[in-house]
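S.K.: Residue numbers (UniProt numbering): 1 to 442. Ideal Cβ positions, reconstructed from N, Cα and C, are used throughout, including at glycine. Pasting a structure here, questions to come.
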């Protein structure tokens, strides 16, 4: 078996036109040195001059972009067939992204714009001029403009309709495209009827092989717990060494859960077939509380957050256990995930649920929910003060911390005797104090 040598890597420069003189084409972009300089930088650009002699023509910028093309040399034989040979792999190319009109440049008598006078200065002074048409460029002939995409179809919707499915809008005579994306099942609290028991049509078919492991992990977590917010769910997945993106996460949730849009479980995903309105014991601790910190309502909190006073470090993932103060004005927590002794004791003391869940309070009594909310407000303020104190302590070290560790201990020295000028200042201070005391006595 004969081994083939790998194709070399090639940089392509796309010129807007047919090249008749390769040397002139290379010179129009600044030469090989300009290409080499642009290749050294990631944001390097070339400048194309369609007429190098015309000094008033603005160059066209050519932006660098990454490609994965193959350059092929094609030779046409006498019988009409083609002989194609690969030259190299084009991984970088430079191309102009603007439109260039024809250039109305000066003629050959003016050296195509290189010289401002006809023929020579001596002939201009002597009055001997070369006969020819005068150069009078139009005002708006030479220009460079940005390309604009325009659809000349009278009804652009018809072209898109041919290759895609269309569905009619209920209550109207209009039609719209059926999107390929499958949306999650959404349930409102006041909707009557059972909860969804099966995923939407085509939800499992759109999973790729690498996404099925994430879907199975999500399914296992919903067997363990019927209600999840996105934050705690993604945290448990990270503990299992899964880091799915937004698309994979949404596909996995489609297969095992549906979404609550309002009520005491707003923003939470519920297991298919599970209705929290009918299961008080399981769904009470998993209710969602919309905590709104009073501190973030103040105007100064916005500027302190920008200046870095509130947050000593950048927050990558939102805290779902209330271990740190909230960073948003409205932040959702599940009651069972809050790591606070008072909150968990309040949940453990609940007994005797009502006949049905309330849209505002769920299965929780109103006094208990208000107690939890007040406790969270107090704890958020305490955590914020403690955090600010730690930041200030780091910025202002004590005198003992400021001393170097290897500094030798020195014996206390006696104070230097005061000079005559210092003694005079101290005497004046004593006289002022005595004068004030006499006025107070009088």
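Please list, in chain order, all residues of the same chain as residue 268 whose beta carbon is under 6 Å from its beta carbon, the five residues on each side excluded.
M.R.: Along the chain shown, read from residue 1 onward, the residue named residue 268 stands at position 268. The residues are 227, 229, 260, 288.
S.K.: State the start and end residues of the unbroken alpha helix (DSSP H) segment that holds residue 40.
M.R.: Locating residue 40 in the chain shown gives position 40, counting from the first residue. It spans 31-40 - the alpha helix (DSSP H) in which residue 40 sits, taken as one unbroken run.
S.K.: Please name the residue in 29, 93, 45, 57 whose C-alpha comes closest to that of residue 10.
M.R.: Residue numbering aside, residue 10 sits at position 10 when the chain shown is read from its first letter. Ranking the options by Cα distance to residue 10, first place goes to 93.
S.K.: Can you pull the DSSP bridge partners for residue 73?
M.R.: Numbered from 1 along the chain shown, position 73 holds the residue referred to as residue 73. Bridge partners of residue 73: 85.
S.K.: So, with DSSP's three-state summary, where would you put residue 329?
M.R.: For the purposes of this step, residue 329 is taken as residue 329 along the chain shown, with counting starting at 1. Here residue 329 sits in coil by DSSP.
S.K.: On the three-state DSSP scale, how would you describe residue 62?
M.R.: One-based indexing of the chain shown puts residue 62 at position 62. Residue state, collapsed to three classes: strand.
S.K.: Mapping DSSP to helix, strand and coil, what is residue 195?
M.R.: Taking the first residue of the chain shown as 1, we reach residue 195 at position 195. Coil at residue 195, not helix or strand.
S.K.: Can the beta-carbon of residue 326 be found less than 8 Å from the beta-carbon of residue 293?
M.R.: Along the chain shown, read from residue 1 onward, the residue named residue 326 stands at position 326. Along the chain shown, read from residue 1 onward, the residue named residue 293 stands at position 293. In this structure, residue 293 lies closer than 8 Å to residue 326 by Cβ.
S.K.: Are three or more beta carbon pairs between the region 277-285 and the region 201-215 nearer than 8 Å?
M.R.: No: fewer than three Cβ pairs fall under 8 Å.
S.K.: Please check the pair residue 280 and residue 363, which I expect to be a contact at CB under 8 Å, by giving their CB distance rounded to whole angstroms.
M.R.: Within the chain shown, the letter at position 280 stands for residue 280. Within the chain shown, the letter at position 363 stands for residue 363. Residue 280 to residue 363, Cβ: 5 Å. Contact.
S.K.: Flag this pair as yes or no: are the beta carbons of residue 215 and residue 252 separated by less than 8 Å?
M.R.: By 1-based counting over the chain shown, the position of residue 215 is 215. By 1-based counting over the chain shown, the position of residue 252 is 252. Taking 8 Å as the Cβ cut-off, residue 215 and residue 252 qualify as a contacting pair.
S.K.: Taking DSSP's pairing of strands, which residues face residue 186 in a bridge?
M.R.: Reading the chain shown from its first residue, position 186 is the one you call residue 186. Note: residue 186 sits in a beta bridge opposite 259.
S.K.: Out of 53, 26, 86, which has the shortest C-alpha to C-alpha gap to residue 108?
M.R.: Residue 108 sits at position 108 when you count from the first residue of the chain shown. Residue 108 has its Cα closest to that of 53, out of 53, 26, 86.
S.K.: In angstroms, rounded to a whole number, what distance separates the CA positions of residue 213 and residue 360?
M.R.: On the chain shown, position 213 is the one that residue 213 refers to. On the chain shown, position 360 is the one that residue 360 refers to. Straight-line Cα distance between these residues: approximately 37 Å.
S.K.: Measure the alpha-carbon distance for residue 83 versus residue 182 and round it to whole angstroms.
M.R.: Position 83 of the chain shown holds residue 83. Position 182 of the chain shown holds residue 182. Taking the straight line joining both Cα atoms gives about 48 Å.
S.K.: Going by C-alpha distance, which of 374, 27, 357 is nearest residue 346?
M.R.: Position 346 of the chain shown, counted from the start, is the residue given in the question as residue 346. The residue with the shortest Cα to Cα distance from residue 346 is 374.
S.K.: Name the residue from 273, 49, 32, 66 whose alpha carbon lies nearest to the alpha carbon of residue 58.
M.R.: One-based indexing of the chain shown puts residue 58 at position 58. Residue 58 has its Cα closest to that of 49, out of 273, 49, 32, 66.
S.K.: Flag this pair as yes or no: are the beta carbons of residue 217 and residue 240 separated by less than 8 Å?
M.R.: For this step, residue 217 is matched to residue 217 along the chain shown. For this step, residue 240 is matched to residue 240 along the chain shown. Yes, they are a contact pair.
S.K.: State yes or no: is the C-beta of residue 220 within less than 8 Å of the C-beta of residue 273?
M.R.: As a first step, residue 220 is located in the chain shown; it is residue number 220 there, counting from the start. As a first step, residue 273 is located in the chain shown; it is residue number 273 there, counting from the start. Not in contact: residue 220 and residue 273 (Cβ atoms no closer than 8 Å).
S.K.: Please state the DSSP three-state secondary structure of residue 206.
M.R.: Within the chain shown, the letter at position 206 stands for residue 206. DSSP places residue 206 in coil when its eight states are reduced to three.
S.K.: Buried or exposed, going by whether 16 or more other CB atoms sit within 10 Å of the CB of residue 96?
M.R.: Walking along the chain shown from the start, residue 96 turns up at place 96. Buried, since its Cβ has 16 or more Cβ neighbours within 10 Å.
S.K.: Are the Cβ atoms of residue 291 and residue 376 separated by less than 8 Å?
M.R.: As a position in the chain shown, residue 291 is number 291, starting the count at 1. As a position in the chain shown, residue 376 is number 376, starting the count at 1. In this structure, residue 376 lies closer than 8 Å to residue 291 by Cβ.
S.K.: Suppose contacts are defined by Cβ-Cβ distances below 8 Å. Is residue 47 in contact with residue 29 by that definition?
M.R.: Counting from one through the chain shown, the residue named residue 47 turns up at place 47. Counting from one through the chain shown, the residue named residue 29 turns up at place 29. Yes; because the gap between Cβ atoms is below 8 Å, this pair is in contact.
S.K.: What's the C-alpha gap between residue 5 and residue 12?
M.R.: Here residue 5 corresponds to residue number 5 of the chain shown, with the count starting at 1. Here residue 12 corresponds to residue number 12 of the chain shown, with the count starting at 1. Looking at the two C-alpha atoms, the distance is approximately 21 Å.
S.K.: Going along the chain, which residues of its own chain have a beta-carbon closer than 7 Å to the beta-carbon of residue 368, five neighbours each way excluded?
M.R.: Along the chain shown, read from residue 1 onward, the residue named residue 368 stands at position 368. These residues qualify, in order along the chain: 346, 350.
S.K.: Alpha carbon to alpha carbon, what distance is there between residue 106 and residue 26?
M.R.: Counting from 1 along the chain shown, the entry for residue 26 is found at position 26. Counting from 1 along the chain shown, the entry for residue 106 is found at position 106. Roughly 23 Å between the two C-alpha positions.
S.K.: Go ahead and pull the three-state DSSP assignment for residue 346.
M.R.: Working through the chain shown from its first residue, we reach residue 346 at position 346. Reduced to three states, the DSSP call for residue 346 is helix.
S.K.: Using a Cβ-Cβ cut-off of 6 Å (strictly less than) and excluding sequence neighbours within five positions of residue 348, which residues of its own chain qualify?
M.R.: For the purposes of this step, residue 348 is taken as the residue at position 348 of the chain shown. Excluding residues within five positions, none has a Cβ falling inside 6 Å.
S.K.: With residue 11 as the anchor, note down where its beta strand (DSSP E) starts and where it stops.
M.R.: Position 11 of the chain shown, counting from 1, holds the residue named residue 11. It spans 9-14 - the beta strand (DSSP E) in which residue 11 sits, taken as one unbroken run.
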